[in-house]
Every structure is written in C-alpha cells, then in structure tokens.
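Novice: Can you keep this structure in mind? I'll have questions shortly.
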Amino acid sequence: MEFQHILYEKANNIGWVTLNRPDQLNAINDAMLAELDKTFAAIEPDLDIKVVVVRGAGKAFSVGQDLSAQGTAEVLLPPPGTALPYKTLLTNARRQTRRLEYIFNIAKPTIAQVHGYCTGLGFYLALACDITIASEDALFGDPALRSGILPQMPLLLWLLGIKRAKEIFFSGRYLTAREAEEWGLINQVVPLAKLESEVKNLAEGISLVHSDALAITKDTLNAAIESRGLGGAWRFTDSMAVAMQRRQPGPDDFDFFKVREQKGLEQALKQRDVPYKKLNF
Numbered sequence: 000m001e002f003q004h005i006l007y008e009k010a011n012n013i014g015w016v017t018l019n020r021p022d023q024l025n026a027i028n029d030a031m032l033a034e035l036d037k038t039f040a041a042i043e044p045d046l047d048i049k050v051v052v053v054r055g056a057g058k059a060f061s062v063g064q065d066l067s068a069q070g071t072a073e074v075l076l077p078p079p080g081t082a083l084p085y086k087t088l089l090t091n092a093r094r095q096t097r098r099l100e101y102i103f104n105i106a107k108p109t110i111a112q113v114h115g116y117c118t119g120l121g122f123y124l125a126l127a128c129d130i131t132i133a134s135e136d137a138l139f140g141d142p143a144l145r146s147g148i149l150p151q152m153p154l155l156l157w158l159l160g161i162k163r164a165k166e167i168f169f170s171g172r173y174l175t176a177r178e179a180e181e182w183g184l185i186n187q188v189v190p191l192a193k194l195e196s197e198v199k200n201l202a203e204g205i206s207l208v209h210s211d212a213l214a215i216t217k218d219t220l221n222a223a224i225e226s227r228g229l230g231g232a233w234r235f236t237d238s239m240a241v242a243m244q245r246r247q248p249g250p251d252d253f254d255f256f257k258v259r260e261q262k263g264l265e266q267a268l269k270q271r272d273v274p275y276k277k278l279n280f
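Sequence positions in the sequence shown follow numbering that gives the first Met the number 0 and run 0 to 280.
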C-alpha cells in the first residue's frame, strides 16, 4: 500500500503504521483519516501481522484534528450553531467514534509509539491502542473544550477514574510523559533515542505468542471493560457531541470558530491558549 499521509510497512509479523504529515505535526485531516481506515482494513485479515505499531513521523505523534477547516469535514463536526439535520450530525459523530472503537477492538495487539505532542484526536488514537510507550518529551492532553468541541473519548474515564478524567477534559491541560505514566495513561517512558528500539523489542516479544491466544485474550479483556459500561458510553458520547454542536456560544464565551473565520487559524489558536499558558496549563 502506498499513501500520501500514512506510511505502512510490515516486517517480522509486525505492522508499522506511520502518520505522515510531519510539517503539520501529523494533524489529522480527512485524507489521512481515509488512509488510516484503509490501512487498518488491510491489516485486520492479514495473518502475517500479529502486532501493530502506530507512530508519527517528524517531531510529534499527532497534534490531533486538523483545525484549519481545509479538508476536515470528516474529522470535525461543523462549527456550533451550523444548521444541519440531527441525523446527519449524529452519523458523522458516530463514524468518528466507530473508528476509535474499531482500533480498540481489532483482534491484534496495538502499540502506540509516542513522542512530542499527542493531543486531541492523536491522544484518542494512542488511548485506543492497547499499549503506549512514550519518550520523555511527550505531552498528552485534549484541549477540545477550549475550542467548543466535545471530547469524544469515554475510554479515558475507565483508565483514570472520574476525578482525573474531569480534570483532563475541563482544563485541557497537558500531561508530561512522567505524569501520564504516574496516572496510568501510558505503560512506560523511555529516552527518545531508545523509543523505537524499546517498542520494537516489545512488539517482537508479543509476536512470539500464538495469534489466536492474543486475539482471544484481548477480546476477553475488552469485553470485561465494555460490560462495565464502556460499550454504551461510546454511543452516548456521539449524542452529546451533536448536542454540543447545536449550542450557541454565549456572550462571554470564546468563539474559536468565529475567530478562525475572521483572523485565521494561527490567531484563533493563540487566543484560545494564551490564558491557559499563564496558568501553566
């Protein structure tokens, strides 16, 4: 497979999936998302692949959704207040969530190899993987609410518990790799220079296990957590995302989408984040 925004290679029963928009810090647009879908669709039936590694090219894993509004109709719901039928918005939201669910449940172990920024949809992608190994420079978080976008990753609640999940979503603050490890969001922190070799070593170790044993064990563990409410939470999140989209910004609310339209993405991001930087968020 040859794509523009996703690189894929396989060796020794390991599939290596690389997000490849390094100049945009691997911001995920519609084209990348479509290529990611096709890549995982090809990986799932491939009996030669026993472990999947997801990583990012360049200086970051991924900064999340491309917020530029150029080729992003699939990765972002329309700006709040956009007049579209509820069923159209719900269908779009569900497609996004189903992707994450699909990666979470694919019948092969998945490893996120994270360095640099891992935020927004990139953060969700790493969370959907079974194991996350990060370099010391990694930063994790989801500033979605700062932009008036509902976080669409209920799995965070099961990983962190209600108190810390609320802190992450409400504040949008970033966690260092060490904090993420302490909180139980990731499995291990390693020096950047050793990141790839550590991930490769782990993937090779997992690949020694019989593929059916891996698939059955993963399915059993995932079924256990879904029986505790995660299955319904994915669906409920979709409805809440649509409700969030249909709101109207209040007079004192920062309107990210309006500023983006009037002054451009760079200025919108600056105005969004400056107040938080003063608080070391």
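The beta carbon of each residue, even a glycine, is placed where N, CA and C say it ideally should be. Values in this document were obtained by computation on a predicted structure and should not be read as measured data.
Runs of 4 residues minimum, wholly inside the segment 90 to 144: which ones carry the alpha helix (DSSP H) assignment?
Specialist: 120 to 127
Novice: Could you tell me the distance, in whole angstroms, from the CA atom of F168 to the CA atom of A192?
Specialist: 31 Å
Novice: Just how far apart, CA to CA, sit E166 and P190?
Specialist: 27 Å
Novice: Return yes when the Cβ of M0 is within less than 9 Å of the Cβ of A56, no when it is not.
Specialist: For A56 and M0, no; Cβs fall outside 9 Å.
Novice: Going by DSSP, which residues form a beta bridge with A10?
Specialist: I13
Novice: Between which two residues does the beta strand (DSSP E) carrying G55 extend?
Specialist: Counting along the chain, the unbroken beta strand (DSSP E) around G55 starts and ends at 50 to 55.
Novice: Tell me where the alpha helix (DSSP H) around V198 begins and ends.
Specialist: Secondary structure note for V198: its alpha helix (DSSP H) is the uninterrupted segment 194 to 206.
Novice: For the beta strand (DSSP E) containing V189, list its first residue and its last residue.
Specialist: From DSSP, the beta strand (DSSP E) with V189 extends over 187 to 189.
Novice: From R20 to F2, what does the alpha carbon distance come to, in whole angstroms?
Specialist: C-alpha separation (whole angstroms): 11 Å.
Novice: Hey, L229 and P108: beta-carbon distance below 9 Å or not?
Specialist: no
Novice: Do L120 and V74 have their C-beta atoms within less than 9 Å of each other?
Specialist: yes
Novice: Taking one C-beta from the segment 233 to 251 and one from the segment 92 to 104 each time, how about it: are there three or more such pairs within less than 8 Å?
Specialist: yes
Novice: If W182 sits next to L174, beta carbons under 8 Å apart, how far is it from one beta carbon to the other, in whole angstroms?
Specialist: 7 Å
Novice: Quick one: what's L174 bridged to in DSSP?
Specialist: F139
Novice: Below 9 Å between beta carbons: does that hold for H4 and L18?
Specialist: yes
Novice: Starting from K217 and walking both ways along the alpha helix (DSSP H), at which residues does that stretch end?
Specialist: 210 to 224
Novice: What are the partner residues of L155, as DSSP defines its beta bridges?
Specialist: Within the DSSP secondary-structure output, L155 pairs in no beta bridge.
Novice: Beta-carbon within less than 6 Å of L6's beta-carbon, same chain only, minus the 5 sequence neighbours each way: which residues are those?
Specialist: T17, N19
Novice: Can you round the beta-carbon distance between A111 and T131 to whole angstroms, since I take them to be within the 8 Å contact cut?
Specialist: 4 Å
Novice: Express the C-alpha separation of A72 and L66 in angstroms, rounding to a whole number.
Specialist: 10 Å
Novice: Can you tell me where the alpha helix (DSSP H) with A232 in it begins and where it stops?
Specialist: 230 to 244
Novice: Identify every residue that forms a DSSP beta bridge with Q64.
Specialist: I27
Novice: From the DSSP secondary-structure annotation, give me the bridge partner or partners of I5.
Specialist: L18
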